[in-house]
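Asks: Chains as they are written, first to last, in the numbering used here: chain Y, 2 to 380; chain S, 102 to 591. No residue lacks a Cβ here, since even glycine has one placed at the ideal position from N, Cα and C. Here's a structure for you.
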Amino acid sequence: MTALQQKTTEVVDPVPGAGAPHLPDQPDLVQLLTPEGERVEHPDYRLDISDEELRGLYRDLALVRRWDAEATALQRQGELGIWASLLGQEAAQVGAGRALAEGDMAFPTYREHGVAWTRGVDPLHVMSLFRGVDQGGWDPVARSFNLYTVVIGAQTLHATGYAMGLQRDGAENAALAFLGDGATSQGEVNEAMIWASTFAAPVVFFCQNNQYAISAPIERQSRVPLFHRAAGFGFPGVRVDGNDVLAVLAVTRAALAAAREGSGPTFIEAFTYRMGAHTTSDDPTRYRLAGELEEWKLRDPIARLKAHLSRTGIAGPEFFTAVDAEGDELAARIRKGTVEMPDPAGTEMFDHVFAEQTPELAQQREEFVAYHASFEGEQ
Amino acid sequence: MAELRQFKLPDVGEGLTEGEILSWLVAVGDTVTVNQPLCEVETAKAAVELPSPFAGTVTELLFDAGTTVDVGAPIITIDVGGGAAPAADAPAAEGTGSGLIGETNANGRTAVLVGYGPRSTEAKRRPRRGQPVEAAAARATAPQVLPEADYGSGGDRPPLLATAPDARVKPVRHGGLEAARAAEAAAARRPADPAASASSDTAGRGALRPLAKPPVRKYAKELGIDLTTVRGTGEGGVITRADVDAALAPPAEPQVGATGDTRIPIKGVRKHTAAAMVASAFTAPHVTEFLTIDMTRTMKLRERLSARPELAGVKVSPLLFVAKALLLAAKRHPMVNSSWDEAAQEIVVHGAVNLGIAAATPRGLIVPNIKDAGRLSLAELAGALSELTETARAGKTQPADMTGGTITITNVGVFGVDTGTPILNPGESAILAFGAVREMPWVHKGKVVPRQVTQLALSFDHRIVDGELGSRFLADVGALLHDPGTALTF
C-alpha cells in the first residue's frame with residue numbers, strides 16, 4: 002500500500018518541478034541588487050554606474066509605474082479600449098531599454114511601455130494606440146523603437162531580419178527582440194532563433210518570463226528553465242533577475258556588445274512576475290493564488306532600488322518626493338491628453354495600409370465616403 | 102455652484118454589454134478624488150473596481166448594489182463644482198456640450214471614442230438621402246449590418262444587427278448580445294405576416310450589398326447568379342455556397358416557420374461542465390445502483406447532536422451524516438477512492454479522501470472538495486462543509502479547491518428530488534447522490550408506520566469497481582445511515 006502511494010505522487014504530477022516553481026533557489030540567476038537592496042557582485046557581469054545614473058534609473062521606474070497606474074484607471078473609466086499593464090516588470094524593461102546604444106533597434110510586444118519610455122516615445126503615442134485612435138503614433142525609425150506587435154512572437158522574426166540587414170550593411174549595431182514566456186512556444190520564435198543562430202545575426206532575444214501566458218503557467222510552457230533552450234539553438238542563454246534593474250542593464254549591455262562584435266545572438270531570460278492582470282480584460286484571481294502575489298511583492302523592483310539609494314545616501318527624501326510629484330504631473334498630462342484625443346476621420350483607416358495606395362483601397366475609400374455622404378444632415 | 106457629472110458604466114472588458122454592481126465603496130455626501138475606487142463591478146470576465154474619473158462630492162448613487170446595469174448607463178452623479186445640489190438637477194447637466202467626457206455634444210454624440218455607447222441621447226439616426234420611408238423601415242427586417250455602431254443602452258434605437266423575423270441569427274458583432282435582444286424585441290413587435298416580410302425582405306435586399314465570402318461571390322458570379330436575389334442562411338445572414346446552389350435549384354417546399362428558438366453560445370462554466378461530463382461519460386463505464394433506506398434514527402441523532410456544545414455554531418445537516426457515512430465506508434473499501442491512470446496503465450488508490458461536494462452556484466456547477474476529509478472530526482467536517490458551500494455560493498472558490506477530488510457527493514435532495522443517476526466527476530471512481538428525506542409509509546417492527554426515508558444512488562467506474570464492491574460500499578453507507586450506531590464497528 003505504501004509503495005503504491007509513493008508511486009501515485011509521481012503518476013499524478015506529470016510536470017517536473019511543478020510543485021515549487023515561483024520562488025525557488027535560482028543558482029543561475031544573475032543578480033547585482035538583492036530584494037533587500039544590497040549591492041552584490043557577480044563574477045561575469047560587472048556594472049560601473051554613477052550616482053546620477055542610479056537616480057535616473059529610479060526615476061524611470063517610478064514614472065513608468067505611475068503612467069501604467071493611470072492608464073489602468075483610464076481604461077476602467079471607459080477611456081481606453083484595453084490596457085496591458087507592466088506592473089512588476091518595470092526593471093526588466095527599463096534595464097533592457099537603457100542598455101540600448103545609439104543605432105540599436107528595439108522590437109517590442111504590446112507591453113513594452115517601459116522600453117518605449119527609455120526610447121523617448123511620448124506616452125500619449127502609446128495611449129492613442131490603446132484608445133483605438135491610431136495604430137501607434139511614434140516614428141519607429143526616429144525612436145529606434147518599432148511599433149507594438151500584437152501577434153505573439155512575430156516581432157522576433159522582424160528583429161532577426163533587421164539584424165541580418167544590419168549584418169549585410171556592415172553596420173555595428175544590434176537588434177533587441179522582446180518576447181514573453183508564452184511566446185517561446187510559438188513557431189515564429191523558434192524559427193527566428195534558428196535563423197539568428199545560423200547566420201550569427203546581431204540580435205538579442207530578451208524574454209520577460211513573467212510566469213504566465215495569460216492564464217497558462219510557465220510549467221505548462223517548458224519543462225526546462227527557458228534560458229536552457231538557447232543551448233539547443235546554439236547560442237548562449239542567461240537568466241537574470243528581472244526585478245533587478247542593475248543586473249538587467251549589465252546582462253543586456255553585455256549581450257548587445259557581443260552581438261555588435263559579431264559573436265551572434267544571446268537569449269536573456271528576465272525572471273520576473275506580472276503583478277497585475279494580463280490585460281484589463283483578464284481576472285488573474287481565477288487562476289493564481291493571492292499568496293503568490295504577496296511573495297513577489299517582497300521582490301518589488303522599485304522598492305529594492307529605493308532601499309539601496311536611501312541606505313547609501315545616493316538619494317534622500319527630497320529626491321523621492323520630487324519624483325512622486327513628477328509622476329503625478331505626468332499622470333495628469335497623460336489623463337488630459339488621452340481624454341481630449343479627437344476621434345479620427347473614418348477615412349484614415351485606408352491611409353496607412355501600404356506605403357503607396359493601391360487601386361482597390363482607393364476604390365474602397367471612395368465607396369466609404371460616398372456611403373457616409375448618402376445620409377442627410379451634417380457628417 | 103453645483104456642477105454635476107455622471108459616470109457611465111464603461112466596457113471594462115472587450116465587448117461586454119453589462120455588469121453587476123457588487124458593492125458601493127462610497128456613499129452620498131462623500132468627497133472623492135480622481136481615481137478613488139467608487140464601486141466594485143462584476144462582468145462576465147472579471148470583478149473589478151471602478152475608479153472615479155472626477156473629483157467632487159457624490160450626490161447620487163443611481164443603482165443599488167446587486168443590480169445588473171447595461172454598459173453606458175450612468176451609475177453615479179458627482180458634483181465637481183464644490184456645492185451640494187439635489188439629485189433632481191442631474192438631467193440639467195446633460196447635453197450642455199461642454200465637451201467633457203461622458204457628456205453629449207450638440208450633435209448628440211459623446212466626446213469619447215471607446216468604452217461607452219457613442220450616443221447617450223434620444224437623437225434620431227440620420228435618414229438616408231432620397232430613400233422612401235417604407236424602404237428604410239423595411240431595411241430593419243433584412244439581415245444586415247447597420248452603419249454607425251451603436252453599443253449603448255438606449256431605448257427604441259434600431260439594433261446594431263437587425264435580423265430576419267425569426268431572430269435565429271447569432272449576433273456576431275461587438276455588443277451583439279444586446280443588439281440581438283433588441284432585434285428579438287423588434288421581431289416580436291412586427292406582425293407575423295409572411296407576405297409582408299417577404300416583400301420587405303426584397304426591398305431591404307435592394308438597399309445593401311449582400312453578405313457573402315469572396316469565394317462564394319466568385320462562385321455566384323461564375324454561375325451568373327445575382328446575390329441580391331439569394332437568401333443567406335449562414336451566421337449573421339451571410340450567403341453560403343449552399344445558398345447559391347439552392348438558388349439554382351427549383352424552389353423547394355416552404356420551410357416550416359421558426360418558432361423563436363433561443364441560441365445560447367456555449368462557453369464558460371457551461372462549456373467546461375459539458376466537456377467534463379462528456380469525457381467522464383464516454384471514458385468511464387458507469388454503473389448506478391440504488392438503495393432506499395429508513396434514516397429516521399440518523400435524523401433523531403442529528404437532533405441530539407445539534408444540542409451538543411462541540412457542534413454549536415456549525416450547521417448539522419443531513420448531508421453531514423451522509424458525508425461521514427461515506428468517509429467511514431470508504432475507509433473499509435479503499436478501492437472506491439481511486440483513479441484510473443490510462444497513460445501509466447495503473448490504478449491509483451488515493452491515500453486521502455478529498456471529498457467533493459457538487460454545488461450549484463451563480464457561475465454554474467462546480468465541485469470543490471474538502472482535502473483529506475477522512476481525518477476530520479464530525480465538528481470539523483461540518484465546519485468544512487459550511488465553509489465550502491458559502492465560498493462556492495459567493496463565487497470565490499479557488500481553482501486549487503476544485504482539483505484533486507477523489508470521490509463526490511451530489512445532494513439532489515435539496516431540490517426535492519428523490520434520486521438520479523449521477524455522472525462521475527472526471528478522474529474519480531464513485532459518486533453518491535443523496536435524495537430528499539421524506540416521511541413515507543415504511544414497515545417498521547412489523548407495522549406500516551411513517552418513517553424518514555431517503556434514496557441513495559451510487560455511480561461507479563466499472564473498470565475499477567466491480568458490482569460486488571460497489572454494492573458492499575453502498576450497503577455500508579446505507580447501514581450507517583439506517584443505524585448510525587453501526588459506526589462503532591467501523
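So with CB distances below 9 Å, who are the chain Y contacts of Ala148/S?
Replies: Position 47 of the second sequence holds residue 148/S. In chain order: Asp284, Thr286.
Asks: Please list the partners that Glu115/S has in chain Y, where partner means a Cβ-to-Cβ separation under 9 Å.
Replies: Position 14 of the second sequence, counted from the start, is the residue given in the question as residue 115/S. Within chain Y, the residues near Glu115/S are Gly82, Ile83, Thr280, Thr281, Ser282.
Asks: So the candidates are Gly96/Y, Gly183/Y, Ser145/Y, Gln78/Y; which of them puts its Cα closest to the Cα of Leu110/S?
Replies: For the purposes of this step, residue 110/S is taken as residue 9 along the second sequence, with counting starting at 1. Answer by Cα proximity: Gln78/Y.
Asks: Name, please, each residue of chain Y whose Cβ falls closer than 7 Å to the Cβ of Gln499/S.
Replies: Residue mapping note: residue 499/S aligns to position 398 of the second sequence, counting from 1. Near Gln499/S (Cβ distances below 7 Å), the residues of chain Y are Leu290.
Asks: Quick check: the stretch 379-396 of chain S against the stretch 563-575 of chain S, are there 3 or more CB pairs under 8 Å?
Replies: With a cut-off of 8 Å, the stretch 563-575 of chain S and the stretch 379-396 of chain S count as touching, because enough Cβ pairs lie within range.
Asks: Assuming Val135/S and Gly120/S are in contact, meaning their beta carbons sit under 8 Å apart, how far apart are those beta carbons, in whole angstroms?
Replies: Your numbering for residue 135/S matches position 34 in the second sequence. Your numbering for residue 120/S matches position 19 in the second sequence. Contact doesn't hold; Cβ gap of about 21 Å is too wide.
Asks: Distance cutoff 9 Å, beta carbons only. Does Gln364/Y sit that close to anything in chain S?
Replies: The residue given as residue 364/Y occupies position 363 in the first sequence. With 9 Å as the cut-off, Gln364/Y does not count as an interface residue toward chain S.
Asks: I need the straight-line Cα distance from Ala347/S to Pro315/S, nearest angstrom please.
Replies: Numbered from its first residue, the second sequence carries residue 347/S at position 246. Numbered from its first residue, the second sequence carries residue 315/S at position 214. Cα-Cα distance, rounded: 18 Å.
Asks: Give a yes or no on whether 9 Å exceeds the smallest Cβ distance from Pro593/S to chain Y.
Replies: No information on residue 593/S is available, as it lies outside the stretch 102 to 591 that chain S covers here.
Asks: Just the chain S side, please: which residues come within less than 7 Å of Ala74/Y by C-beta, in chain order?
Replies: If you number the first sequence from 1, residue 74/Y lands on position 73. Per Cβ cutoff of 7 Å: Asn136, Pro152.
Asks: To test your reading of the DSSP string, which unbroken beta strand (DSSP E) runs of 3 or more residues are found completely within the stretch 247-324 of chain Y?
Replies: Runs of the beta strand (DSSP E) inside the stretch 247-324 of chain Y: 267-272.
Asks: Would you verify that the beta carbon of Phe108/S is, or is not, closer than 9 Å to some beta carbon of chain Y?
Replies: Within the second sequence, residue 108/S is the residue found at index 7, counting from 1. True, the Cβ-Cβ gap to chain Y drops below 9 Å.
Asks: Check whether chain Y comes within 9 Å of Asp112/S, counting only Cβ atoms and requiring the distance to be less than that.
Replies: Numbered from its first residue, the second sequence carries residue 112/S at position 11. At least one chain Y Cβ lies under 9 Å of Asp112/S.
Asks: Taking 9 Å as the threshold (C-beta atoms), are Ala202/Y and Met106/Y in contact?
Replies: Position 105 of the first sequence, counting from 1, holds the residue named residue 106/Y. Position 201 of the first sequence, counting from 1, holds the residue named residue 202/Y. Their beta carbons are not under 9 Å apart, which means Met106/Y does not touch Ala202/Y by this criterion.
Asks: Please list the partners that Arg77/Y has in chain S, where partner means a Cβ-to-Cβ separation under 8 Å.
Replies: Position 76 of the first sequence, counted from the start, is the residue given in the question as residue 77/Y. Chain S residues near Arg77/Y: Pro111, Val113, Val149, Glu150, Leu151, Pro152.
Asks: Among Arg318/S, Ile340/S, Phe164/S, Arg403/S, which one has its Cα closest to the Cα of His583/S?
Replies: The residue given as residue 583/S occupies position 482 in the second sequence. Minimum Cα distance to His583/S is reached at Arg403/S.
Asks: Going by DSSP in three states, Thr150/Y sits in which element: helix, strand or coil?
Replies: Translated into positions along the first sequence, residue 150/Y becomes position 149. Three-state DSSP puts Thr150/Y in coil, outside helix and strand.
Asks: In whole angstroms, what is the alpha-carbon distance linking Ala588/S and Cys140/S?
Replies: Taking the first residue of the second sequence as position 1, residue 588/S is located at position 487. Taking the first residue of the second sequence as position 1, residue 140/S is located at position 39. Using only the alpha carbons, I get a separation of about 51 Å.
Asks: Check whether chain S comes within 9 Å of Arg336/Y, counting only Cβ atoms and requiring the distance to be less than that.
Replies: Residue mapping note: residue 336/Y aligns to position 335 of the first sequence, counting from 1. Yes - at least one Cβ of chain S is within 9 Å of the one on Arg336/Y.
Asks: Here's the rule: buried if 16 or more other CB atoms are within 10 angstroms of the residue's CB, otherwise exposed. What is Ile365/S?
Replies: Looking up residue 365/S in the second sequence gives position 264. It is exposed - the Cβ of Ile365/S has fewer than 16 other Cβ atoms within 10 Å.
Asks: Would Ala263/S pass as an interface residue toward chain Y - the criterion being a Cβ-Cβ separation below 9 Å?
Replies: Locating residue 263/S in the second sequence gives position 162, counting from the first residue. Caution is warranted here: a pLDDT of 33 is assigned to Ala263/S, below 50, making its placement in the model unreliable, and the coordinate value is therefore given only provisionally. By this cut-off, Ala263/S is not an interface position.
Asks: Could you tell me how far apart the beta carbons of Val151/Y and Tyr213/Y are, in whole angstroms, since I believe they sit closer than 8 Å?
Replies: Along the first sequence, one-based indexing puts residue 151/Y at 150. Along the first sequence, one-based indexing puts residue 213/Y at 212. The Cβ separation is near 18 Å, so there is no contact.
Asks: For chain S, check one thing: does any of its Cβ atoms lie closer than 9 Å to the Cβ of Glu71/Y?
Replies: What you label residue 71/Y is simply residue 70 of the first sequence in a count that begins at 1. Closer than 9 Å to some Cβ of chain S, the Cβ of Glu71/Y qualifies, so yes.
Asks: Could you tell me the alpha carbon to alpha carbon distance between Ala256/Y and Glu296/Y, rounded to whole angstroms?
Replies: Locating residue 256/Y in the first sequence gives position 255, where the first residue counts as 1. Locating residue 296/Y in the first sequence gives position 295, where the first residue counts as 1. If I take the Cα positions, the gap works out to 30 Å.
Asks: State the DSSP-derived secondary structure class of Lys425/S, mapped to helix, strand or coil.
Replies: Residue 425/S sits at position 324 when you count from the first residue of the second sequence. Helix, per DSSP.
Asks: Roughly how many angstroms lie between the CA atoms of Asp395/S and Val172/S, to the nearest whole one?
Replies: To locate residue 395/S, count along the second sequence from 1; it is residue 294. To locate residue 172/S, count along the second sequence from 1; it is residue 71. Straight-line Cα distance between these residues: approximately 54 Å.
Asks: What did DSSP end up calling Gly98/Y once you bin it into helix, strand or coil?
Replies: For the purposes of this step, residue 98/Y is taken as residue 97 along the first sequence, with counting starting at 1. Correct three-state label for Gly98/Y: helix.
Asks: Could you tell me the boundaries of the beta strand (DSSP E) in which Glu540/S lies?
Replies: Sequence index remark: in the second sequence, residue 540/S carries index 439 (1-based). 539-545 is the span of the beta strand (DSSP E), which, as asked, contains Glu540/S.
Asks: One question on the structure: do Thr281/Y and Gly243/Y come within less than 9 Å of each other, judged by their Cβ atoms?
Replies: Residue numbering aside, residue 281/Y sits at position 280 when the first sequence is read from its first letter. Residue numbering aside, residue 243/Y sits at position 242 when the first sequence is read from its first letter. No, they are not a contact pair.
Asks: Looking only at its chain, what residues have a beta carbon closer than 7 Å to the beta carbon of Lys416/S, apart from the 5 residues adjacent to it on each side?
Replies: Sequence index remark: in the second sequence, residue 416/S carries index 315 (1-based). Here the set comprises Ala483, Ser487.
Asks: Note down, in chain order, each residue of its chain lying with its Cβ closer than 7 Å to the Cβ of Met342/Y, except the 5 sequence neighbours on either side.
Replies: On the first sequence, position 341 is the one that residue 342/Y refers to. These residues qualify, in order along the chain: Ser129, Arg132, Val134.
Asks: Should Ala537/S and Phe561/S be called a contact, given that it needs their Cβ atoms to be closer than 9 Å?
Replies: Position 436 of the second sequence, counted from the first residue, corresponds to residue 537/S. Position 460 of the second sequence, counted from the first residue, corresponds to residue 561/S. No, they are not a contact pair.
Asks: Return the bridge partner residues of Trp441/S from the DSSP annotation.
Replies: Taking the second sequence and counting its residues from 1, one reaches residue 441/S at position 340. Its beta-bridge partners are Ile448/S.
Asks: Residues in its own chain within less than 7 Å of Ala493/S by CB, not counting five upstream and five downstream?
Replies: Here residue 493/S refers to the residue found at position 392 of the second sequence. Same-chain partners within the cutoff: Ala460, Thr462, Ile467, Pro469.
Asks: Can you name, in chain order, every residue of its own chain whose Cβ lies under 6 Å from the Cβ of Ala453/S, other than the five neighbours on each side?
Replies: Residue numbering aside, residue 453/S sits at position 352 when the second sequence is read from its first letter. Excluding sequence neighbours, Ala453/S sits near Asp473.
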